[in-house]
Amino acid sequence: MRAPSLPVIASLLAVLFSVPAFGLGPEEPSAFDSESAIRYSQAAIGREVGDYAFLDSDRNELRLADLQGKPVVVNLIYTACSYSCPLIVQTLYSAVEVAQDALGADSFAVLTIGFDTQDDTPARMRAFARSQGVDLPNWRFLSGDEATVASLSEDLGFIYFPSPKGFDHLAQTTVIDAEGRVYRHVYGADFAAPAVVEPLKDLVFGRQGNFTSVAGLINRVRLFCTFYDPASERYRFDYAIFIGAAVGSLSLMAIGFILLRAWLRLRRREERA
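Quick note: to get my numbering, add 543 to the position in the sequence shown (first position is 1).
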């Protein structure tokens, strides 16, 4: 495994406020440069992710290339983590549930990958998924060898390293686009559903969509007319936009009709004169 440099390791500790399992004291974060850690992670945006092979919890091989053509949400955890990793997965569960309801369960995939390659076996990943109650479709829990996990982590801008309490790592969830490039990072162990759903919405419906096809136009409408309702914690379609557009169109048509009649009357008078 390619070990991260000491300066990068030090800077990463500053952003572990979202991973309270590591017990950083209140005086310690000021000793580190949190901006360097975020820059390291953000530098991965737009980076192409390699085609790596993993085993799912049933020991079936899955290659990342098999998922190209749809967005993929990736988060890395280790199963022995007692607090932060379960919290991240539970938070992600809520977001994925909302996203599948709004965008369709088959429109994207979710991968949770164990980075403790010695202990995060397919059996352990399966047990972890069950303990977290993850039963949503198209969400797989994967295991990989040390070199594979290290290479994937580098592609994603995700760094982890052993500590006396297990592992220190950045609380990071990554959205990969349909072409296999890093599109967005979501930081922290507790985030609102739109933090994940909005980038997926951009990718599924296409913010730079095709306007020449019916499907492209429909997706464009869904992109801008689907919004998050905090009260219900769900996305819904805003029909008021269409009602307003229809009323506006009818008003313009009525005004146009009145102006046309007035113009025709004036023309007739001029012809008679």
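Glycine residues also receive a C-beta, built at the ideal position from the N, C-alpha and C atoms.
Opening and closing residue of the beta strand (DSSP E) in which glutamate 697 lies: Position 154 of the sequence shown, counted from the first residue, corresponds to residue 697. Not the beta strand (DSSP E): glutamate 697 falls in the alpha helix (DSSP H), residues 689-699.
* Leaving aside the five residues before and after leucine 605 along the sequence, list all residues of the same chain whose C-beta is less than 6 Å from its C-beta, in chain order. => Within the sequence shown, the letter at position 62 stands for residue 605. These residues qualify, in order along the chain: Phe597 and Asp599.
### For valine 653, the first and last residue of its enclosing alpha helix (DSSP H)
Translated into the one-based positions of the sequence shown, residue 653 becomes position 110. It is not in any alpha helix (DSSP H) - valine 653 instead sits in the beta strand (DSSP E) that spans 652-657.
message: My output table needs one value for glycine 709: the three-state DSSP class, helix, strand or coil.
response: On the sequence shown, position 166 is the one that residue 709 refers to. Annotated three-state conformation of glycine 709 is strand, per DSSP.
Less than 9 Å between the C-beta atoms of proline 665 and aspartate 601, yes or no?
The count along the sequence shown starts at 1 and reaches residue 665 at position 122. The count along the sequence shown starts at 1 and reaches residue 601 at position 58. Yes, Cβ-Cβ distance for proline 665 and aspartate 601 is below 9 Å.
The beta strand (DSSP E) enclosing phenylalanine 748, as first and last residue numbers: Here residue 748 refers to the residue found at position 205 when the sequence shown is read from its first residue. Run containing phenylalanine 748: none; DSSP gives neither H nor E here.
Checklist entry - When burial is assigned at 16 or more other CB atoms within 10 Å of the CB, is leucine 607 buried or exposed? => result Position 64 of the sequence shown, counted from the start, is the residue given in the question as residue 607. It counts as buried.
- Message: For aspartate 745 and threonine 634, what's the separation of their Cα atoms in angstroms?
- Response: Numbered from 1 along the sequence shown, position 202 holds the residue referred to as residue 745. Numbered from 1 along the sequence shown, position 91 holds the residue referred to as residue 634. Rounded to whole angstroms, aspartate 745 to threonine 634 spans 21 Å at the Cα level.
- Can you tell which of Ile798, Thr622 and Asp659 has the C-alpha that lies nearest to the C-alpha of valine 692? For the purposes of this step, residue 692 is taken as residue 149 along the sequence shown, with counting starting at 1. The shortest C-alpha separation from valine 692 is found at Asp659.
Which term fits leucine 795, buried or exposed, when burial requires 16 or more other beta carbons within 10 angstroms of its beta carbon? Reading the sequence shown from its first residue, position 252 is the one you call residue 795. With fewer than 16 Cβ atoms within 10 Å of its Cβ, leucine 795 is classed as exposed.
Problem set entry | Between the CA atoms of threonine 716 and valine 592 - distance to the nearest angstrom | In the sequence shown, the residue the question calls residue 592 occupies position 49. In the sequence shown, the residue the question calls residue 716 occupies position 173. When rounded, the distance between both Cα atoms is 15 Å.
**Report entry** Ranges of the beta strand (DSSP E) found wholly within the segment 661-686, counting only runs of at least 3
**Finding:** 682-686
Alpha carbon to alpha carbon, how far is tyrosine 726 from glycine 589? Stepping through the sequence shown from its first residue, residue 726 is reached at position 183. Stepping through the sequence shown from its first residue, residue 589 is reached at position 46. Whole-angstrom Cα-Cα distance: 6 Å.
Among Glu814, Gly709 and Ala587, which has the Cα closest to the Cα of glycine 700? As a working note, residue 700 is residue 157 in the sequence shown. Ala587 is the residue among Glu814, Gly709 and Ala587 whose C-alpha sits nearest the C-alpha of glycine 700.
Q) Is the distance from the Cβ of valine 747 to the Cβ of proline 614 below 9 Å? A) Counting from one through the sequence shown, the residue named residue 747 turns up at place 204. Counting from one through the sequence shown, the residue named residue 614 turns up at place 71. Cβ atoms of valine 747 and proline 614: closer than 9 Å.
Measure the Cβ-Cβ separation of alanine 638 and glycine 709 and say whether it is below 9 Å.
Counting from one through the sequence shown, the residue named residue 638 turns up at place 95. Counting from one through the sequence shown, the residue named residue 709 turns up at place 166. Against a cut-off of 9 Å, the Cβ pair of glycine 709 and alanine 638 comes out as no contact.
**Request:** Please report how far the alpha carbon of histidine 728 lies from the alpha carbon of valine 718, in whole angstroms.
**Result:** The residue labelled residue 728 in the question sits at position 185 within the sequence shown. The residue labelled residue 718 in the question sits at position 175 within the sequence shown. If you take the alpha carbons of histidine 728 and valine 718, they lie about 6 Å apart.
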